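Residue numbers (this note's numbering): 1282 to 1493. A virtual CB, placed ideally from N, CA and C, is assigned to each residue, including glycine. A quick note: this is a predicted structure, and the numbers were derived from the prediction, not measured. Step one of this worksheet: look at the structure below.
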């Protein structure tokens, strides 16, 4: 099993695609007058410079949302050091096959991806708008060769410059939910039994209030 497949199984599960059919009837466009009106309006916007302004504003909004996505909701600052564990085992919803078409997991089978491929990363979840958490990250000494910093809030570019490393963002809180995070900063590592994931949260003195 490849590492990419492990990540798929850990974070996404097995998804079945279904043919939902065709919704409604398809008709040719008959409202030519409406199209003419729209085209006339677009030409007027282009001539007046309004279109260029709208495009610039749109690009700016996209850039801002890309560099500073919506913060992950439901997380607070850790008030005490805690540890909990996540079992990534899952039930296969359909037969899984390799590139040669050989079935390696049957529908209904319960498998633990960690039995096949080890989780070799250390994941850190922080609020990059919190200076104390940035300082905390800089002081960390992971035992794995690979460590990834994942933001739940903050500016990706500013965090990249501050930490001099590649930064990820937990879009829509997907990873936070998978790891059952309730507080930050948090660290995700392979557990001692190597069949679960260990999640630790840490108190960082002077962190102040939650980003919510």
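- Residue burial is scored here from C-beta neighbours: residue 1323 has fewer than 16 other C-beta atoms within 10 angstroms and is therefore classed as exposed.
- With a contact defined as Cβ atoms closer than 8 Å, residue 1421 and residue 1485 miss out at about 11 Å.
- With respect to residue 1446, residue 1469 sits apart: the two C-beta atoms are not nearer than 9 Å.
- Selection 1397, 1326, 1449, 1463 evaluated against residue 1360 yields 1463 as nearest (Cα-Cα).
- Excluding residues up to 5 positions away in sequence, 1403 lie with their Cβ nearer than 6 Å to the Cβ of residue 1428 in the same chain.
- Taking a contact to require three or more Cβ pairs closer than 8 Å, the stretch 1379 to 1387 and the stretch 1448 to 1468 do not qualify as touching.
- In terms of Cβ geometry, residue 1367 and residue 1477 form a close pair [threshold 9 Å].
- Counting only runs that start and end inside the stretch 1411 to 1457, the alpha helix (DSSP H) elements of at least 4 residues fall at 1412 to 1419, 1437 to 1444.
- The beta carbon of residue 1440 lies closer than 8 Å to those of 1409, 1415, 1430, 1432, 1448 in the same chain, with the five residues before and after it left out.
- In the structure shown, residue 1395 falls within a helical segment according to DSSP collapsed to helix, strand and coil.
- If you draw a straight line from the Cα of residue 1443 to the Cα of residue 1400, it comes to about 27 Å.
- At the C-beta level, residue 1393 and residue 1374 stay beyond 9 Å of one another.
- Between residue 1434 and residue 1353, the gap from beta carbon to beta carbon is short of 9 Å.
- About 6 Å separates the Cβ atoms of residue 1436 and residue 1348, confirming a contact at the 8 Å cut-off.
- Assigned with DSSP and collapsed to three states, residue 1386 falls in strand.
- The straight-line gap separating the alpha-carbon atoms of residue 1391 and residue 1481 is approximately 26 Å.
- In the displayed model, residue 1324 falls within a helix according to three-state DSSP.
- Inter-residue distance for residue 1466 and residue 1317 is about 56 Å (C-alpha atoms, whole angstroms).
- Cβ-Cβ distances below 8 Å link residue 1418 to 1405, 1407, 1430, 1444, 1466 in the same chain, with the five nearest sequence neighbours on each side left out; the list follows chain order.
- Per DSSP, reduced to three states, the secondary structure at residue 1347 is helical.
- Taking 9 Å as the cut-off, the beta carbon of residue 1389 is found closer than this to the beta carbon of residue 1372.
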